[in-house]
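What follows is one structure encoded as structure tokens, with my remarks underneath.
Protein chains in written order, with this note's numbering: chain H, 22 to 341; chain S, 28 to 315.
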């Protein structure tokens with residue numbers, strides 16, 4: 022595991038990059054905010070797919086729960102968007118604890134499918150079962166109920182952008198720390214060969230469970246950010262059809278890496294933005310991109326960059 | 028809730044169960060034999076429905092359209108199997124799932140290009156409504172039930188009585204030994220896959236008059252097919268039939284009790300089955 026120079030300053034470089042982008046293209050600011058939130062979403066899935074090797078076809082469920090936790094708090098209980106976001110984060114931890122234990126016992130395809138089933142059930146819950154409080158498909162508006170917090174009025178889009186950027190910096194630093202810590206090494210060892218890790222005496226179930234909790238925490242956190250950003254939620258956030266997108270984006274960026282999620286979010290949302298102006302048949306593009314990436318480009322953008330950097334350094338020195 | 032409503036719900040449930048059986052049998056056997064989770068199975072279903080629509084529009088002949096739809100579906104299956112699936116045999120299952128799902132998405136895109144985005148109605152070829160036991164039952168739905176049962180019997184006969192069928196069953200249990208007998212297992216895979224896609228095509232053509240033929244009709248069916256296959260047990264024909272009937276009943280009778288239940292109840296069933304007994308009702312052990 023080489024630590025190149027980019028790694029040390031990585032989070033700062035990316036943050037400054039986002040700030041520069043906002044300065045250069047101020048009219049695309051909401052797009053950049055969405056990239057940041059989507060990055061955190063992908064970071065969650067990256068722990069599942071990249072570190073633990075688990076595919077879930079139900080990540081939108083965790084996103085939706087985080088979003089609705091924040092939304093319901095703001096719509097009915099309180100006014101502080103920070104507490105709402107915190108609630109989203111906590112809901113993710115709860116989901117991870119509750120569903121982690123029964124789910125991670127399952128073999129890979131069953132894990133994917135049970136998450137898909139959970140996602141469909143979740144849509145039902147938000148759309149029909151709790152329609153009285155969630156207003157079902159009409160969606161829940163709560164922007165007017167948000168109050169400004171002391172330092173920064175994040176109800177304004179530009180302030181929310183800065184808020185998101187700060188969060189992005191903090192989350193990326195923590196994410197990098199996890200990757201470099203023993204936990205990260207355990208994740209990689211587990212994905213490589215779970216039995217060997219068991220023979221070494223590690224409790225692989227617990228490791229997977231912790232990874233699952235971290236993943237759902239990040240995913241729900243991003244959901245809460247989505248909610249506060251738009252001031253509005255509706256059940257389509259948690260729909261099954263969105264499930265493949267986050268997997269594709271994770272692979273495009275580079276699964277199992279620290280900065281992969283950022284590149285994945287940027288590339289995926291960028292392609293979506295460009296393509297959707299000309300082609301309405303988004304499915305065709307997603308499908309084609311997925312196949313190309315899986316067959317020819319499986320390291321992803323950041324994965325390939327890292328590979329090039331690392332291998333460049335290993336070239337033997339010429340003897341004079 | 029009166030008996031009439033319940034009885035019509037049961038018959039309705041049997042007919043959708045029949046469709047589920049036809050589209051799911053391919054998933055189940057395909058998985059059992061080739062260890063491939065075929066997420067693009069519904070593409071054959073959708074294509075066949077569209078071909079039927081086009082035939083009806085051009086010639087007004089529904090049954091001709093059905094035959095043509097099945098033919099096109101099997102040809103598509105042949106192409107996909109020989110070109111794409113050959114390359115992913117042996118790779119891990121999740122890889123296959125994502126790849127086949129992407130093929131599904133690409134296929135939906137192609138359908139949208141050829142036929143456009145708006146849903147196409149297909150008129151039912153038989154509009155007669157029977158009056159049985161005081162209930163009004165569309166004859167078409169009864170025919171679907173009959174076709175499904177006939178298909179089940181034919182598939183069972185094929186698997187039990189013919190050499191190829193026995194080879195398929197042997198391949199499900201132990202692919203290596205099958206090759207050891209000198210049988211070209213890739214040819215068996217192809218045959219199985221073509222049959223599976225043809226059956227999905229049959230399901231698509233039959234279902235075309237009952238649901239709106241649209242680009243996304245495969246999506247909903249895919250989830251239900253999965254539920255059917257997991258409940259029944261991957262690799263088991265009998266299991267697929269029984270669970271298809273169960274899921275059909277859950278949707279129709281559940282819908283009569285509380286209408287939103289018809290959508291979510293099958294997912295609750297799938298959720299519980301995976302948690303409690305992932306191999307399903309009749310699943311062959313050791314497959315997953």
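C-beta atoms are modelled at their ideal positions from N, C-alpha and C, and glycine is treated no differently.
Straight-line gap, residue i to residue j (C-alpha atoms, nearest Å)
| i | j | result |
| --- | --- | --- |
| residue 90 of chain H | residue 112 of chain H | 7 Å |
| residue 279 of chain H | residue 222 of chain H | 27 Å |
| residue 56 of chain S | residue 101 of chain H | 54 Å |
| residue 239 of chain S | residue 43 of chain S | 14 Å |
| residue 48 of chain H | residue 164 of chain S | 60 Å |
| residue 175 of chain S | residue 181 of chain S | 10 Å |
| residue 268 of chain S | residue 45 of chain S | 8 Å |
| residue 59 of chain H | residue 51 of chain H | 12 Å |
| residue 121 of chain S | residue 219 of chain H | 23 Å |
| residue 105 of chain S | residue 302 of chain H | 25 Å |
| residue 84 of chain H | residue 44 of chain H | 29 Å |
| residue 292 of chain H | residue 327 of chain H | 22 Å |
| residue 314 of chain S | residue 254 of chain H | Legend: pLDDT at residue 314 of chain S = 49, less than 50; position of this residue unreliable, value from coordinates given subsequently. Cα-Cα distance, rounded: 41 Å. |
| residue 78 of chain H | residue 132 of chain S | 15 Å |
| residue 299 of chain S | residue 332 of chain H | 48 Å |
| residue 310 of chain S | residue 164 of chain H | 51 Å |
| residue 109 of chain H | residue 243 of chain H | 8 Å |
| residue 297 of chain H | residue 290 of chain H | 10 Å |
| residue 56 of chain H | residue 62 of chain H | 10 Å |
| residue 215 of chain S | residue 250 of chain S | 27 Å |
| residue 112 of chain S | residue 92 of chain H | 44 Å |
| residue 265 of chain H | residue 241 of chain H | 17 Å |
| residue 22 of chain H | residue 177 of chain H | Only weak support is given to the placement of residue 22 of chain H: the predicted model assigns it a pLDDT of 47, under 50, and the question is left unresolved by the model. |
| residue 217 of chain H | residue 226 of chain H | 13 Å |
| residue 192 of chain H | residue 128 of chain H | 30 Å |
| residue 276 of chain S | residue 285 of chain S | 13 Å |
| residue 284 of chain H | residue 162 of chain H | 31 Å |
| residue 251 of chain H | residue 121 of chain H | 29 Å |
| residue 287 of chain S | residue 257 of chain H | 17 Å |
Sub-7 Å separation of residue i and residue j beta-carbons
| i | j | result |
| --- | --- | --- |
| residue 70 of chain S | residue 124 of chain S | no |
| residue 263 of chain H | residue 81 of chain H | yes |
| residue 49 of chain S | residue 226 of chain S | yes |
| residue 305 of chain S | residue 94 of chain H | no |
| residue 245 of chain S | residue 73 of chain S | yes |
| residue 138 of chain H | residue 184 of chain S | no |
| residue 123 of chain H | residue 91 of chain S | no |
| residue 249 of chain H | residue 114 of chain H | no |
| residue 356 of chain H | residue 29 of chain H | Because chain H is modelled from 22 through 341, residue 356 of chain H falls outside the range shown and cannot be assessed. |
| residue 59 of chain S | residue 278 of chain S | no |
Contacts that residue i makes with chain H (C-beta to C-beta distance below 9 Å)
| i | result |
| --- | --- |
| residue 284 of chain S | Residues of chain H passing the Cβ test: none, with the nearest at roughly 14 Å. |
Within chain S, partners of residue i - CB distance below 9 Å
| i | result |
| --- | --- |
| residue 308 of chain H | 128, 129, 130, 131, 132, 133, 134, 135, 136 |
| residue 139 of chain H | 294, 298 |
Under 8 Å from the C-beta of residue i: neighbouring residues of chain H
| i | result |
| --- | --- |
| residue 124 of chain S | 76, 130, 133 |
| residue 12 of chain S | Only positions 28 to 315 of chain S appear in the structure, and residue 12 of chain S is not among them; the question remains open. |
| residue 287 of chain S | 145, 149, 150 |
Proximal chain H residues relative to residue i, where beta-carbon distance stays under 7 Å
| i | result |
| --- | --- |
| residue 182 of chain S | Correct list: empty, because the minimum Cβ distance to chain H is about 24 Å. |
| residue 305 of chain S | 127, 131 |
Partners in chain S for residue i, counting only beta-carbon separations shorter than 7 Å
| i | result |
| --- | --- |
| residue 304 of chain H | 132, 135, 136 |
| residue 312 of chain H | 126, 129 |
Residue-level contact to chain B via CB, residue i, 7 Å cutoff
| i | result |
| --- | --- |
| residue 155 of chain H | Checking the listed chains, one finds no chain B in this structure; the protein chains it contains are H and S. |
Contact set between residue i and chain S, taken where Cβ atoms lie within less than 8 Å
| i | result |
| --- | --- |
| residue 142 of chain H | 291, 294, 295, 298 |
Subject >> Contact between the segment 79 to 97 of chain S and the segment 222 to 242 of chain S (3+ Cβ pairs under 8 Å) >> reply: Three or more Cβ pairs closer than 8 Å define a contact, and the segment 79 to 97 of chain S meets that threshold against the segment 222 to 242 of chain S.
Original post:
On the three-pair Cβ rule with 8 Å, is the segment 66 to 75 of chain H touching the segment 231 to 243 of chain H?
Top reply: Because the criterion of three Cβ pairs below 8 Å is met, the segment 66 to 75 of chain H and the segment 231 to 243 of chain H touch.
Original post:
According to a CB-to-CB cut-off of less than 7 Å, which residues of the segment 96 to 120 of chain S neighbour chain H?
Top reply: Look at the segment 96 to 120 of chain S: the residues with a C-beta under 7 Å from a C-beta of chain H are 120.
Original post:
When the Cβ atoms of the segment 136 to 156 of chain H are set against those of the segment 258 to 278 of chain S, are three or more pairs found closer than 8 Å?
Top reply: With a cut-off of 8 Å, the segment 258 to 278 of chain S and the segment 136 to 156 of chain H do not count as touching, because too few Cβ pairs lie within range.
Subject >> Members of the segment 246 to 274 of chain S near chain H, C-beta cut-off 9 Å >> reply: Those residues of the segment 246 to 274 of chain S that come within reach of chain H (Cβ to Cβ, closer than 9 Å) are 246, 250, 253, 254, 257.
Subject >> chain H contacts made by the segment 289 to 301 of chain S, where a contact means CB separation under 7 Å >> reply: From the segment 289 to 301 of chain S, only 290, 291, 294, 295, 297, 298, 301 have a Cβ closer than 7 Å to chain H.
Subject >> Contacting positions in the segment 63 to 96 of chain H - beta carbon closer than 7 Å to chain S >> reply: Cβ contacts with chain S come from 76.
Original post:
Going along the chain, which residues of the segment 289 to 302 of chain H sit with their C-beta nearer than 7 Å to a C-beta in chain S?
Top reply: Here the close residues are 302.
Original post:
Using a beta-carbon distance cut-off of less than 9 Å, what residues from the segment 262 to 291 of chain H approach chain S?
Top reply: Taking a C-beta cut-off of 9 Å against chain S, the contacting residues of the segment 262 to 291 of chain H are 262, 265, 268, 269, 272, listed in chain order.
Original post:
Which residues, in chain order, does the segment 113 to 124 of chain H contribute to contact with chain S at a C-beta distance below 8 Å?
Top reply: Against chain S - using a Cβ distance shorter than 8 Å - the residues of the segment 113 to 124 of chain H are 123.
Original post:
Taking contact to mean at least 3 C-beta pairs separated by less than 8 Å, is the segment 73 to 86 of chain S in contact with the segment 205 to 212 of chain S?
Top reply: No, they do not touch.
**OP:** Below 8 Å between beta carbons is the criterion; list the residues of the segment 137 to 148 of chain S that meet it against any residue of chain H, in chain order.
**Re:** Interface annotation for the segment 137 to 148 of chain S against chain H: 137, 139, 140, 144, criterion Cβ-Cβ distance under 8 Å.
Original post:
Does the pairing of the segment 185 to 194 of chain S with the segment 33 to 40 of chain S give three or more beta-carbon distances under 8 Å?
Top reply: Look at the beta carbons and you see the segment 185 to 194 of chain S not touching the segment 33 to 40 of chain S: under three pairs across the two are nearer than 8 Å.
Subject >> Selection of the segment 46 to 66 of chain S by Cβ proximity to chain H, strictly under 7 Å >> reply: If the cut-off is 7 Å between Cβ atoms, the segment 46 to 66 of chain S has 64 near chain H.
Subject >> Proximal residues, the segment 190 to 224 of chain H versus chain S, C-beta separation under 8 Å >> reply: Flagged: no residues at all.
Original post:
Do the segment 271 to 288 of chain H and the segment 191 to 209 of chain H touch if we need at least three Cβ pairs shorter than 8 Å?
Top reply: For the pair of segments examined, the segment 271 to 288 of chain H was found to touch the segment 191 to 209 of chain H: the number of CB pairs separated by less than 8 Å reaches three.
Subject >> Proximal residues, the segment 315 to 333 of chain H versus chain S, C-beta separation under 7 Å >> reply: Of all residues in the segment 315 to 333 of chain H, those with a C-beta nearer than 7 Å to a C-beta of chain S are 315, reading in chain order.
Original post:
Quick one, which residues of the segment 39 to 61 of chain H are near chain S if we go by CB-CB under 7 Å, in chain order?
Top reply: Hits within the stretch: zero.
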